[in-house]
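Numbering (our numbering), first residue to last: 21 to 289.
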């Protein structure tokens, strides 16, 4: 009996695949760096879960950490000063806050580049004029913009929190080729273990207006919560709308089913 051509072709393909699997040499050189990289630690925030909300006191503290520490190197290009009114500030407080920043401008009399006090409509200004200046000040590394950082990095908020609190001395068994070179700093939560950013936080580095103790752990949580908000300022509203739609559809489904039962109750099948 002659077998169909398609069957023979399929059988040949499977045989070739099995042969390739068993004859392909496996690498005997594991990724040594990967064995030292740690999985991000979970940080619990008010914006987590099925019923999230914003802890505005924490968001205000986080914004203070960003302004006094992170803004020296990292931009927040997608956030306007007026947006922070959602954190519980009044319009007057927002104007005062914006005025504390110098934003790029053009001198109307000379046409030359200048700076001016910030307005509520302005965005947070970048700390460097361009990438060349950023590299020159950061060991040839460009500090990333933080507007969407909790969405852009795998691990999100957990990664940011772990990175900020994860600086430590290299372990004794770390291979020489993985030890931080000049201008680099060891952090097991970073993908290649060494990064150009030095440890940015130290205990009591800022003074919180609400009296909260400014430990490294607390500041890391606060600025992480703030960066979750910058990345998804409508997160809470979006979840609330989602729940409203869910319950509407649930009630509609129940009513539709009861209507169906009522309409067809006297019909014979």
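Backbone N, C-alpha and C define an ideal beta-carbon position, used for all residues, glycine too.
#1: Just how far apart, CA to CA, sit residue 189 and residue 178?
#2: Give every residue of the same chain whose Cβ lies closer than 8 Å to the Cβ of residue 155, excluding the five residues on either side of it in the sequence, and list them in chain order.
#3: Whose C-beta lies closer than 7 Å to the C-beta of residue 159 among residues of the same chain, with five residues either side of it excluded?
#4: Given 8 Å as the limit, is there contact between the stretch 249-269 and the stretch 98-116, that is, 3 or more CB pairs closer than that?
#5: With DSSP run on the structure shown, which of helix, strand or coil describes residue 154?
#6: Provide the residue(s) that pair with residue 3 in DSSP beta bridges, ordered along the chain.
#7: Under 8 Å: do the stretch 53-66 and the stretch 180-199 share three or more Cβ pairs, one atom per stretch?
#8: If residue 121 and residue 147 are in contact, beta carbons under 8 Å, what's the gap, nearest whole angstrom?
#9: Candidates 168, 102 and 109: which alpha carbon is nearest residue 245's?
#10: DSSP on residue 46, reduced to helix/strand/coil?
#11: Could you give the DSSP three-state label for residue 213: helix, strand or coil?
#12: In terms of DSSP beta bridges, what is residue 338 paired with?
#13: Please state whether DSSP places residue 53 in a helix, a strand or coil.
#14: Using a 10 Å radius around the Cβ and a threshold of 16 neighbouring Cβ atoms, would you call residue 85 buried or exposed?
#15: Ignore the nearest five residues each way along the sequence and tell me which others in residue 239's own chain have a CB closer than 6 Å to its CB.
#16: Is residue 92 buried or exposed, if buried means 16 or more other CB atoms sit within 10 Å of its CB?
#17: In this structure, how does DSSP classify residue 100 when only helix, strand and coil are distinguished?
Reading off the structure:
#1: Approximately 21 Å, taken between the alpha carbons.
#2: Answer for residue 155: 161 and 162, listed in chain order.
#3: Contacts found: 203 and 216.
#4: The answer is yes - the stretch 98-116 touches the stretch 249-269, with three or more Cβ pairs under 8 Å.
#5: Residue state, collapsed to three classes: helix.
#6: The structure shown does not extend to residue 3, since the chain is modelled only from 21 through 289, so no value can be given for it.
#7: Contact check between the stretch 53-66 and the stretch 180-199: three or more CB pairs, one atom from each, fall below 8 Å, which counts as touching.
#8: Here residue 121 is actually not in contact with residue 147; their C-beta atoms are around 11 Å apart, not less than 8 Å.
#9: Closest by alpha carbon: 168.
#10: Bear in mind that the predicted position of residue 46 carries a pLDDT of just 42, short of 50, making it unreliable; the figure below should be weighed with that in mind. In the structure shown, residue 46 sits in coil (DSSP, three-state: anything other than H, G, I, E or B).
#11: Here residue 213 sits in coil by DSSP.
#12: This structure gives no information on residue 338, because the portion of the chain shown stretches from 21 to 289.
#13: When secondary structure is reduced to three states using DSSP, residue 53 falls in the helix class.
#14: By the beta-carbon neighbour count (other beta carbons within 10 angstroms, threshold 16), residue 85 is buried.
#15: Within the same chain, 85 and 221 come within 6 Å of residue 239 by CB-CB distance, once the 5 residues on both sides are set aside.
#16: Classified as exposed, residue 92 has fewer than 16 neighbouring CB atoms from the shown chains inside 10 Å of its CB.
#17: Under the three-state reduction of DSSP, residue 100 is assigned to strand.
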